[in-house]
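**Q** Can you keep this structure in mind? I'll have questions shortly.
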Amino acid sequence: MDRLLRTGLACLMMIAAPAAALAQPKPAVPVDGITAIVDAFKTHDIVALGEGNHGNEQGAAFRAKLYADPRFTALVSDIVVEAGNARHQAMMDRYIAGEDVPHKELRMAWMETTAPTDVWDKPIYEDMFRAIRDLNKTLPKDKQLRVLLGDKWYDSSQGPPMSRGDDAVVEIIHREVLD
Numbered sequence: 012m013d014r015l016l017r018t019g020l021a022c023l024m025m026i027a028a029p030a031a032a033l034a035q036p037k038p039a040v041p042v043d044g045i046t047a048i049v050d051a052f053k054t055h056d057i058v059a060l061g062e063g064n065h066g067n068e069q070g071a072a073f074r075a076k077l078y079a080d081p082r083f084t085a086l087v088s089d090i091v092v093e094a095g096n097a098r099h100q101a102m103m104d105r106y107i108a109g110e111d112v113p114h115k116e117l118r119m120a121w122m123e124t125t126a127p128t129d130v131w132d133k134p135i136y137e138d139m140f141r142a143i144r145d146l147n148k149t150l151p152k153d154k155q156l157r158v159l160l161g162d163k164w165y166d167s168s169q170g171p172p173m174s175r176g177d178d179a180v181v182e183i184i185h186r187e188v189l190d
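Using our numbering, read the sequence shown as starting at 12 and increasing by one per residue.
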């Protein structure tokens, strides 16, 4: 019986060992970030990019390269950003489309938000909007990008926000992108 048990265990291990080898994850391989994101848009309606710490200049530089990549603009029409009050969407649409918007008014899009600090008061956010506007000037109308402001509608003249706008982005994506 002891020999039968050992034989059974040996057979089981011979079967399990190859199966375990098959279950091993493939080793990580470096890929080009822009290519990976563009490829993700080929199979997904929504692709989310995290910024890391707000104000991350390296991330901002990467996103600027991504937006300018012709493969990206061939697939994407809407960019939803956390740094922007939905109250100013019509103004941002005009600005991104190339219309003149006074700088003081434009700044309100990213400065009048539910964020409790001046987290968006960094040049990279204004630079992002300007870069997308400039890029749109080079694209056919049907390929131009739209920037959707993902923070909830908020009017600072009515006092401080009652809550953060964290859930507003979901509603904006449903209404403006998916529907």
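Yeah, the Cβ is synthetic: ideal placement off N, Cα and C, and Gly gets one too.
#1: In angstroms, rounded to a whole number, what distance separates the CA positions of residue 184 and residue 143?
#2: So within the stretch 127-153, which uninterrupted alpha helix (DSSP H) runs reach at least 4 residues, ignoring any that extend past its ends?
#3: Could you check if residue 17 is buried or exposed, using at least 16 other CB atoms within 10 Å of its CB as the buried criterion?
#4: Could you say if the stretch 39-53 and the stretch 101-117 meet the contact criterion of at least three C-beta pairs nearer than 8 Å?
#5: Thinking just about the alpha-carbon of each residue, which of 139, 182, 123 and 179 is nearest to the one in residue 168?
#6: For residue 160, which three-state DSSP category applies?
#7: Could you give the distance in angstroms between the alpha-carbon of residue 104 and the alpha-carbon of residue 158?
#8: For residue 63, which three-state DSSP category applies?
#9: Quick check: the Cα distance between residue 154 and residue 54, rounded to an integer number of angstroms?
#10: Using a Cβ-Cβ cut-off of 6 Å (strictly less than) and excluding sequence neighbours within five positions of residue 73, which residues of its own chain qualify?
#11: If I measure Cβ to Cβ from residue 58 and keep anything under 8 Å in the same chain, skipping five residues before and after, which residues do I get?
#12: Is any beta-carbon of chain C found at less than 9 Å from that of residue 159?
#13: Across which residues does DSSP place residue 184 in a beta bridge pair?
#14: Taking the alpha-carbon positions, what's the residue 186 to residue 82 distance?
#15: Grouping DSSP H, G and I as helix and E and B as strand, with all else coil, what is residue 49?
#16: Take residue 96 as the anchor and find which of 109, 35, 126 and 63 has the nearest alpha-carbon.
#17: Starting from the Cα of residue 131, find the closest Cα among 66, 90 and 171 and give me that residue.
#18: Across which residues does DSSP place residue 91 in a beta bridge pair?
**A** Result, derived from the coordinates:
#1: Residue 184 sits at position 173 when you count from the first residue of the sequence shown. Residue 143 sits at position 132 when you count from the first residue of the sequence shown. Our two residues, residue 184 and residue 143, have alpha carbons roughly 19 Å apart in a direct line.
#2: 134-147
#3: Here residue 17 corresponds to residue number 6 of the sequence shown, with the count starting at 1. Note that residue 17 scores 47 on pLDDT, short of 50, meaning its location in the model is unreliable; the coordinates nonetheless yield the value given after this. Classification for residue 17: exposed.
#4: no
#5: The residue given as residue 168 occupies position 157 in the sequence shown. Of 139, 182, 123 and 179, the residue nearest in Cα terms is 123.
#6: If you number the sequence shown from 1, residue 160 lands on position 149. Strand, per DSSP.
#7: Counting from one through the sequence shown, the residue named residue 104 turns up at place 93. Counting from one through the sequence shown, the residue named residue 158 turns up at place 147. So the two alpha carbons sit approximately 7 Å from each other.
#8: If you number the sequence shown from 1, residue 63 lands on position 52. It is coil, neither helix nor strand.
#9: By one-based count along the sequence shown, residue 154 stands at place 143. By one-based count along the sequence shown, residue 54 stands at place 43. Going from the Cα of residue 154 to the Cα of residue 54 covers about 19 Å.
#10: Here residue 73 refers to the residue found at position 62 of the sequence shown. Closer than 6 Å at Cβ, skipping near neighbours: no residue.
#11: Reading the sequence shown from its first residue, position 47 is the one you call residue 58. Around residue 58: 48, 51 and 52.
#12: Protein chains in the displayed structure number just one, and chain C is not present.
#13: Counted from its first residue, the sequence shown places residue 184 at position 173. Beta-bridge pairing links residue 184 to no other residue.
#14: As a working note, residue 186 is residue 175 in the sequence shown. As a working note, residue 82 is residue 71 in the sequence shown. The alpha-carbon atoms of residue 186 and residue 82 are separated by roughly 25 Å.
#15: As a working note, residue 49 is residue 38 in the sequence shown. Note: residue 49 maps to helix in three-state DSSP.
#16: Counting from one through the sequence shown, the residue named residue 96 turns up at place 85. The residue with the shortest Cα to Cα distance from residue 96 is 126.
#17: For this step, residue 131 is matched to residue 120 along the sequence shown. Considering only alpha carbons, the answer is 66.
#18: As a first step, residue 91 is located in the sequence shown; it is residue number 80 there, counting from the start. Looking at the DSSP assignment, residue 91 forms a beta bridge with 159.
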